[in-house]
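Novice:
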Ligand code: NDP
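Residue numbers (this note's numbering): 35 to 364.
(1) Is any non-hydrogen atom of ligand 1 found closer than 6 Å to the C-beta of residue 318, if you look at the structure I gave you?
(2) Please determine if the stretch 176-192 and the stretch 203-216 are in contact, where contact requires at least 3 C-beta pairs separated by less than 8 Å.
(3) Given a cut-off of 7 Å, decide if residue 245 and residue 278 are closer than it, judged by their beta-carbon atoms.
(4) May I have a chain-ordered list of the alpha helix (DSSP H) segments no shorter than 4 residues that lie completely inside the stretch 251-335?
(5) My guess is that residue 200 and residue 170 are in contact by the Cβ rule of under 8 Å, so how many angstroms apart are they, rounded?
(6) Closest to residue 49 by CA distance: which of 129, 65 and 93 is it?
(7) Which term fits residue 228, buried or exposed, when burial requires 16 or more other beta carbons within 10 angstroms of its beta carbon?
(8) Go ahead and label residue 120 buried or exposed: buried means 16 or more other beta carbons lie within 10 angstroms of its beta carbon, across all protein chains shown.
(9) Where does residue 178 sit, in a helix, a strand or coil, going by DSSP?
(10) CB-CB under 6 Å to residue 99, same chain, minus the five flanking residues each way: which ones, in chain order?
(11) Taking DSSP as the reference, what is the three-state secondary structure of residue 338?
(12) Between which two residues does the beta strand (DSSP E) holding residue 166 run?
(13) Between the C-alpha atoms of residue 241 and residue 203, what's the straight-line distance to the nearest angstrom?
(14) Where in the stretch 93-133 do unbroken runs of the alpha helix (DSSP H), each at least 4 residues long, occur, reported from the N-terminal end onward?
(15) To the nearest angstrom, how far is the alpha carbon of residue 233 from that of residue 260?
(16) Do residue 330 and ligand 1 come close, with the Cβ less than 6 Å from some heavy atom?
(17) Please work out which residues of its chain come closer than 8 Å, Cβ to Cβ, to residue 249, disregarding the five sequence neighbours upstream and downstream, and give them in chain order.
(18) For residue 54, report the span of its alpha helix (DSSP H) as first-last.
(19) Note down, in chain order, each residue of its chain lying with its Cβ closer than 6 Å to the Cβ of residue 355, except the 5 sequence neighbours on either side.
(20) What is the residue span of the alpha helix (DSSP H) that residue 209 lies within?
See the structure below:
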């Protein structure tokens, strides 16, 4: 492990500007939702993060609840920072979030200022950092005034706990309103984190992408492989070392005959492009102008290396896009 980080780490990665901000993000980012918890093998997670950084993946995405157990993915990154990455802190964009259930009682969930600020302090402690680069509200809260939640993001930035504010899973109209409030507070919304992949098209159908472009907000698309379903790994059953095997029925229920039949056709089409299905699925997300970066998960370093090859062919002809749409038509 002596040649870390690679001196050529910036040679091949492309960076896109995040909305109308000063920040550029790599075309691929790495998320630590799965595979980096206290129940996972630390050295595997460490090797995955190192491989990512070695290839110019400068953005690592977390949330307070990632694990399991909740909070442990932040602790894992804290250890990796201490061992490997601390000297490179200024080369990294590290994000975290709060918005889902984190601790008992009325102040450990959703979108109050009380919850967001306390949660961010806990995240910083687990990470061993003075600040994160991006702090997100993880999901809309139907009961807390948007002004309070956005005020908490603004406070996080003004108090030095975060450099930028973001929102995740917000629908188009609410994103517009959140952006207006943040703009008025003087802390523009840097980025939105929606789910977007070949099988989940809502952001292009419900106006979210249009809103983000109008507002000058960047976009980091998550679950771009639909948790691994948009790869060739489930074409012949469920491998023992896969997420489906680990999660059991909640994931396996997605893998019915009809769904796998479509995945098989997508896989065949990917081969005509000289790509694996995972690579084509990533390229497809990145073809979308509103998307700044594709947020990958990975259970081992080889998956990062494989996914990076998506960047060798990001172009789709109109005809190809029609073929893909026809495969996925209901
Ligand atoms: P993906 O859809 O990218 O799925 C990742 C999984 O796909 C990996 O764990 C691995 O599965 C498999 N995989 C990855 N690369 C390859 C490859 N090249 N070849 C074959 N299989 C591959 O993303 P996630 O669902 O994990 O989400 C990614 C990130 O997005 C999260 O870590 C988190 O940061 C963010 N996220 C945000 C949410 C939000 O509400 N804001 C919600 C969900 C995710 P296996 O383990 O089977 O090897």
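Just so it is clear, CB atoms sit at the ideal spot from N, CA and C, and this is done for glycine as well.
Specialist: Inspection of the coordinates gives the following:
(1) no
(2) yes
(3) no
(4) 277-281, 283-286, 291-306 and 311-320
(5) 4 Å
(6) 93
(7) buried
(8) exposed
(9) coil
(10) 134 and 136
(11) helix
(12) 166-171
(13) 13 Å
(14) 106-114
(15) 8 Å
(16) yes
(17) 53, 209, 210, 213 and 223
(18) First-last for residue 54: undefined, no H or E at that position.
(19) none
(20) 206-219
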